[in-house]
Structures are given as structure tokens and as C-alpha cells.
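Enquirer:
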Amino acid sequence: GILDAGSESDAELAFEGALRPKSLGEFVGQTKVRGQLELLLQAAAMQGRSADHILLAGPPGLGKTTLAMIVAHENGRSLRMSSGPAIQHAGDLAALLSSLLPGEVLFIDEIHRMARSAEEMLYLAMEDFRIDIMVGKGAGATSIPLELAPFTLVGATTRSGLLPNPLRDRFGFTAHLEFYDDAELTEVLRRAARLLGMPIDEAALTEIAGRSRGTPRIANRLLRRVRDYALVNAKDADLTSVRAALDLYDVDPLGLDRLDRAVLRAIIDRFDGGPVGLNTLAVSVGEEAETIESVVEPFLVRIGLLSRTPRGRVATKAAWRQFGGRAPQPTLL
Ligand code: ADP
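In UniProt numbering, each residue's number is its place in the sequence shown (first place is 1) plus 13.
And the structure:
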């Protein structure tokens, strides 16, 4: 879907690639993280060594892949890309690690989904640039140590809490990426429009920013729909066009996507506003608990539609106003 930050067609991937910032200077927002990365990269460059391993945590579409590319690019290193789901056996990881060239940056997206059997190999690789390869089976099995070229691992995860502690501890630096505010998203959009050679006014940019779910990937995608609309209808990309284009695609004025809405509807309609436990909620909307917790909830909490309590998830008054008419009145005893 247009608002779904996680799924991409080939055309969308090419479009994203063209808009990706190539340096920390071009990367909008996340000021704190940018400063921290800058220091880390500069220190490594001055000492002529690989930078410390870096863990990037945050919901989809906030710039984790982009930052991994920048980490490589800023220090003139090449980047190798893989992902947790592609590493199903320790052997997959051994093949990947042993093929790295000195100083390369290895990006593992969704690192929390890597096979457990590969994790232990990764601990040793991160710490000592060495792995033990098991040869043979049963009583005759032996392990052969293999030296690796020094490398920088950049891991990405939707939530650092999903990683086992020993793995998390081996990253020299963990960055938690936050949702972007409207001013930052406007900046992302202004930059993208400039790169696309697309004239668009300030009111239009602000309107798109407000509907982008705090997420640059979604902002860029909405900009593309607006560009289509303006082109096909021979109109300017102004506020009127933006509203018409985004209404056509059912883009929520608050930036909520299908799953956000399903979660709020379920809490209000089926569980009377909550509290409802995470797993019950996940089953009722047919989604994995992990996705609800690390992708849906952070945004709903941030915009004040959901609160997490010790007894479960609760729809706020603002959510009732949006989705359920009136909040239930406290019962008089
Ligand atoms: P993630 O890996 O976290 O899912 P990406 O790094 O793939 O997210 O970012 C998605 C798209 O959003 C990129 O193509 C890039 O164009 C844009 N983007 C992300 N972060 C920024 C940023 N800080 N400034 C400008 N554009 C950004």
C-alpha cells in the first residue's frame, strides 16, 4: 500500500535510491545521531582503522539503510548488503564474512531475524575478526579457525530489544532513530522535489509532511503521487492538488496507515477501548505481535492515540474522537 513503509515495488526502490542522501550533511534531521556518527567515523578515519560496529534501531523508512550507505561512503569504504532472513544457517554467514575485503562495511538489515546458529559465529567475528568453521560431524568433527579481514558491521533492527543481549553488547554504538517532525519532513520533501526538478509550493510541502506518518520513505512516496496527479491533470503541485491527490489514495489526514487504523478500530470496537494485551490485539488484526509493537505502536503513542499501560493497550480520548464517537463514560456506582 502507499502508506505501508515496509513494502516496495521495483519502481519504488529505484525512486528511493535516487533520493537517498549520500552524506551525513545531506541527511535531514536526527541531529543527535548524526553528530554521534560523525565523531565515530572521523576518529576511525584519523586512526586509519575500521569504525566500530553500529546498531541502528527504529521503525521502517526512517533512514537505517541510508545511514549504512553513508557510513561506508563517508570513510571511502565499500558496502556489502545482506539481511537477517537471508542468513538461515551459520554457513551462510561464514560465506559472507570470509568474502569481505579489508575495511568493508557489512550491512545486515533486520538483524534480529538471523538464524540463532549464526549468532554465535557473529559474536566472535565482531570481537576478534575470526570465525571457527566446523568440519565433519559427530566424534570426528573439528573446528578450523579462520582469520577475517577487519570490517565494520552495521546492523539494523526495528527494535533493539529484539536482539539477544550478547549481540547487542558487541556494537560499539547504538542509534535509536526517532520519527521525524513536520518541519524535518518538509525539509526531506523540499530536497526531494529539488532533485526531481519538481516545482511545488511551501503550503503543499507542509500538507504532505503532515500526512507522512513521521516517515521520510512515506513522504517521498506521497510526493510521487502528487507529482503524478499534477502531471496527468496539467495542474500545479499546490495545496489543492495535494489534497485531491492524497484524498484519491485515501491517505489519512493524520498519516495513519491501514494497520494503524485496524489496531485502533479493534481496541475501540472489540475491546471497548482496552486495556487489551498485545498478543490478543495482534491476533484480532491478523498481524504479528512484533510488528504491532515495533512498527504500529510507536507512532500511535507518539501522536497520542494509544497508551501502553501495565494492563495492556488503551485507546486515548483523542482516538475515541477519531474512531469511535464518544469515549465511554465512567460508570456511576
Ligand atoms: P530504513 O532502512 O530505515 O527502512 P531507508 O534508509 O531505506 O529506511 O530510507 C527510506 C527512504 O527515505 C530513502 O530512500 C531516503 O530517500 C529517505 N530518507 C530516509 N531518511 C532520510 C533523511 N534523514 N533525509 C532525507 N531522506 C531520507
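Note that beta-carbon positions come from the ideal geometry of N, C-alpha and C, so glycine has one too.
Looking at Lys45 and the ligand ADP, is the gap between the Cβ and the nearest heavy atom below 7 Å?
Expert: no
Enquirer: Indicate the three-state DSSP secondary structure (helix, strand or coil) for Gly76 in the structure shown.
Expert: Gly76 falls in the coil class under three-state DSSP.
Enquirer: With a threshold of 7 Å, establish whether the CB of Phe40 neighbours any heavy atom of the ligand ADP.
Expert: yes
Enquirer: Thinking just about the alpha-carbon of each residue, which of Leu106, Ala99, Phe120 is nearest to the one in Leu69?
Expert: Phe120
Enquirer: Compute every distance between the C-beta of Thr78 and the non-hydrogen atoms of the ligand ADP, then say whether any falls below 7 Å.
Expert: yes
Enquirer: Let me check understanding here. Comparing Cα to Cα, which of Glu220, Ala56, Asp182, Arg240 lies closest to Glu200?
Expert: Glu220
Enquirer: For Ile157 and Tyr193, I'd like the C-alpha separation in whole angstroms.
Expert: About 47 Å.
Enquirer: The ligand ADP and Glu169: does any heavy atom of the ligand fall closer than 7 Å to the residue's C-beta?
Expert: Residue identity check: residue 169 is Ala in the sequence provided, not Glu. Ala169 has its CB nearer than 7 Å to a heavy atom of the ligand ADP.
Enquirer: Does any residue of chain D have a CB that is nearer than 8 Å to the CB of Val118?
Expert: You won't find chain D in this structure, because it holds only one protein chain.
Enquirer: By how many angstroms is the C-alpha of Ala328 removed from the C-alpha of Leu319?
Expert: 5 Å
Enquirer: Flag this pair as touching only if the segment 273–281 and the segment 230–240 have three or more C-beta atom pairs under 8 Å; answer yes or no.
Expert: The segment 273–281 makes no contact with the segment 230–240, as fewer than three CB pairs between them are under 8 Å.
Enquirer: Do the CB positions of Ile83 and Pro34 come within less than 8 Å of each other?
Expert: At a Cβ-Cβ threshold of 8 Å, Ile83 and Pro34 count as neighbours.
Enquirer: Within 7 Å: the Cβ of Leu198 and any heavy atom of the ligand COA?
Expert: Absence of the ligand COA is noted for the structure shown, with the ligand ADP being the only ligands found.
Enquirer: Do you know offhand how far Lys183's Cα is from Val255's?
Expert: In the sequence under discussion, the amino acid at residue 183 is Arg, which differs from the Lys named in the question. Cα-Cα distance, rounded: 46 Å.
Enquirer: Would you mind reading off the limits of the alpha helix (DSSP H) that contains Asp214?
Expert: Element bounds for Asp214: n/a, residue is neither H nor E.
Enquirer: Just mark Gln55 as buried or exposed, buried being the case when its beta carbon has 16 or more other beta carbons within 10 Å.
Expert: exposed
Enquirer: Look at the Cβ atom of Leu166, then the Cβ atom of Met139, and state whether they are nearer than 8 Å.
Expert: yes
Enquirer: Looking at the strands, I want to know which residues DSSP matches up with Phe186.
Expert: Ile67
Enquirer: Could you compute how far the alpha carbon of Tyr136 sits from the alpha carbon of Arg181?
Expert: 10 Å
Enquirer: Check the C-beta distance from Gly268 over to Ser225 and give it rounded, since I have them as a contact under 8 Å.
Expert: So it is a contact: roughly 6 Å between Cβ atoms.
Enquirer: Consult DSSP for Ile221 and reduce its assignment to one of helix, strand or coil.
Expert: helix
Enquirer: From the DSSP output, in three-state form, read off Leu180 for me.
Expert: helix
Enquirer: What are the start and end residues of the beta strand (DSSP E) that includes Met147?
Expert: 143–148
Enquirer: Within the same chain, show all residues whose beta-carbon is closer than 8 Å to that of Ser36, passing over the 5 residues directly before and after it, in chain order.
Expert: Ile83, His86, Glu87
Enquirer: May I ask you to list the residues that DSSP assigns as paired with Leu319?
Expert: Ala328
Enquirer: Find out if the Cβ-Cβ distance for the pair Gly287, Gly317 is shorter than 8 Å.
Expert: No, they are not a contact pair.
Enquirer: Can you tell me whether Pro163 sits near the ligand ADP, meaning its C-beta is under 7 Å from at least one heavy atom of the ligand?
Expert: Not under cutoff, so the answer is no.
Enquirer: Where does Arg62 fall in DSSP's three states?
Expert: Assigned with DSSP and collapsed to three states, Arg62 falls in coil, not helix or strand.
Enquirer: Would the beta-carbon of Thr79 fall within 8 Å of that of Phe40?
Expert: yes
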